[in-house]
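Data first, discussion second: the structure below is written as structure tokens.
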Amino acid sequence: ASRRACEVIIAEGRVRVEGVTVTDPATPVHPERSRIEVDGSPLPEAREPVYLALNKPPGVLSSFVRGREKGRLLGEFVKHEARLVPVGRLDRDSRGLLLLTDDGDWANRVAHPRHGTEKEYRVLVAGAKPAAAARRLAAAEFEENGRRFRAASVRAEGRWLRVVLHEGRKRQIRRLAREAGLTVRELVRVRIGPVRLGRLKEGHWRKLTPGEVGMLGKPGGKHR
């Protein structure tokens with residue numbers, strides 16, 4: 125549960141420490157030594173939070189739960205005892221880096237627009253040669269809720285475009301491409317802040333390093 129959810133549970137008088145009900149979240153306790161109960165049941169042993177990087181294949185939804193959209197689920201690729209959630213989204217037809225965690229507070233910090241975490245993509249488009257496509261995509265923008273959005277940077281690299289975003293709106297690159305008169309053929313996310321896709325095989329995952337976890341929790345997340 126998030127910090128806020130825990131504070132609510134405590135304020136509602138649902139927590140007892142050594143048999144005594146506590147309602148103040150600031151009450152000092154020793155998690156490893158104190159007997160803590162929630163709703164009359166012993167609190168399970170604390171477990172280290174989980175932070176993973178997945179190379180999501182195309183055709184896979186950024187979800188562990190079946191909804192209206194058709195597609196394969198993340199659970200086919202990530203078998204883990206923790207209740208994981210994706211940090212942000214990567215649309216079904218796109219592939220590449222997707223972060224997963226059971227740490228809700230950390231996920232919110234990483235995904236929140238105010239932190240400006242950089243996200244880098246390799247994009248293959250149709251409709252113009254790479255150099256011209258890069259110029260058109262860099263100039264494209266769209267409006268949403270009274271704000272205008274565009275890519276932070278776009279450059280051509282061979283047949284592909286390398287695109288960096290600071291705010292990840294839903295299907296942002298595809299929407300920008302449409303505004304530029306381009307069609308996205310392939311879209312691969314290769315970096316989120318300091319975390320790079322690297323040689324991680326499609327459909328495989330790895331644990332984030334402590335350094336990656338710490339850096340992603342800080343504002344900015346700009347890495348070259």
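With my numbering as the guide, the letters of the sequence shown map in order to residues 125 to 348. The beta-carbon is built from N, C-alpha and C at its ideal position, and this holds for glycine as well. On a predicted model such as this, the values are computed, not experimentally measured, just so you know.
Neighbourhood of residue i by C-beta distance below 6 Å, restricted to the same chain and skipping five residues each side
i, result
"residue 235", "211 and 212"
"residue 198", "188"
"residue 161", "140"
"residue 303", "264 and 266"
Buried or exposed (CB count within 10 angstroms, at least 16 for buried), residue i
i, result
"residue 144", "exposed"
"residue 204", "exposed"
"residue 180", "buried"
"residue 218", "buried"
"residue 268", "exposed"
"residue 151", "exposed"
"residue 244", "buried"
"residue 184", "buried"
"residue 265", "exposed"
"residue 135", "exposed"
"residue 158", "exposed"
"residue 398", "Any question about residue 398 goes unanswered here, given that the chain covers just 125 to 348."
"residue 260", "buried"
"residue 345", "Its pLDDT being 43, under 50, residue 345 is placed unreliably by the model, and the measurement read from it follows with that caveat. Its Cβ being crowded by 16 or more others within 10 Å, residue 345 is buried."
"residue 189", "exposed"
"residue 312", "buried"
"residue 292", "buried"
"residue 308", "buried"
"residue 225", "buried"
When the options are compared against residue i, the one with the closest alpha-carbon
i, options, result
"residue 207", "293, 330, 171 and 167", "171"
"residue 256", "289, 306, 228 and 219", "306"
"residue 164", "182, 148 and 141", "141"
"residue 287", "248, 271, 146 and 167", "248"
"residue 128", "304, 338 and 149", "149"
"residue 252", "229, 230, 280 and 290", "280"
"residue 263", "227, 237 and 301", "301"
"residue 241", "162, 137, 330 and 316", "316"
"residue 297", "321, 282, 334 and 258", "258"
"residue 271", "231, 237 and 173", "237"
"residue 166", "282, 250, 138 and 186", "138"
"residue 173", "209, 191 and 201", "209"
"residue 284", "200, 192, 169 and 310", "310"
"residue 254", "282, 246 and 231", "282"
8 Å Cβ shell around residue i - same chain, five flanking residues per side excluded
i, result
"residue 319", "177, 221, 223, 332, 336 and 340"
"residue 182", "216, 217, 218 and 219"
"residue 295", "215"
"residue 348", "Below a pLDDT of 50, predicted positions are generally treated as unreliable, and residue 348, at 41, falls in that range; the measurement from the model is reported next regardless. Cβ neighbours of residue 348 beyond the five flanking positions: none."
"residue 132", "none"
Sequence-distant residues of its chain with Cβ nearer than 7 Å to residue i (five each side left out)
i, result
"residue 233", "239 and 341"
Residue i Cβ short of 7 Å to the ligand ZN heavy atom set
i, result
"residue 335", "This structure lacks the ligand ZN, and indeed carries no ligand of any kind."
Residue-level contact to chain B via CB, residue i, 8 Å cutoff
i, result
"residue 303", "Absent here is chain B; the protein component of the structure consists of one chain."
Worksheet entry | Segments of 3+ residues assigned as beta strand (DSSP E) that fall wholly inside the segment 181 to 218 | DSSP runs (the beta strand (DSSP E)) wholly in the segment 181 to 218: 209 to 211.
Discussion item. Which complete beta strand (DSSP E) runs does the segment 297 to 329 hold, if anything under 3 residues is left out?
Written reply: Runs of the beta strand (DSSP E) inside the segment 297 to 329: 307 to 316.
Discussion item. Measuring CB atoms only, is the segment 261 to 280 touching the segment 323 to 333, in the sense that at least three cross pairs come out at less than 8 Å?
Written reply: Not touching, per the Cβ criterion.
Worksheet item: Taking only runs of the alpha helix (DSSP H) that begin and end inside the segment 227 to 298, which ones reach a length of at least 4 residues, in chain order?
Response: Counting only unbroken stretches of 4 or more residues, the alpha helix (DSSP H) elements lying wholly within the segment 227 to 298 are 228 to 235 and 254 to 263, in sequence order.
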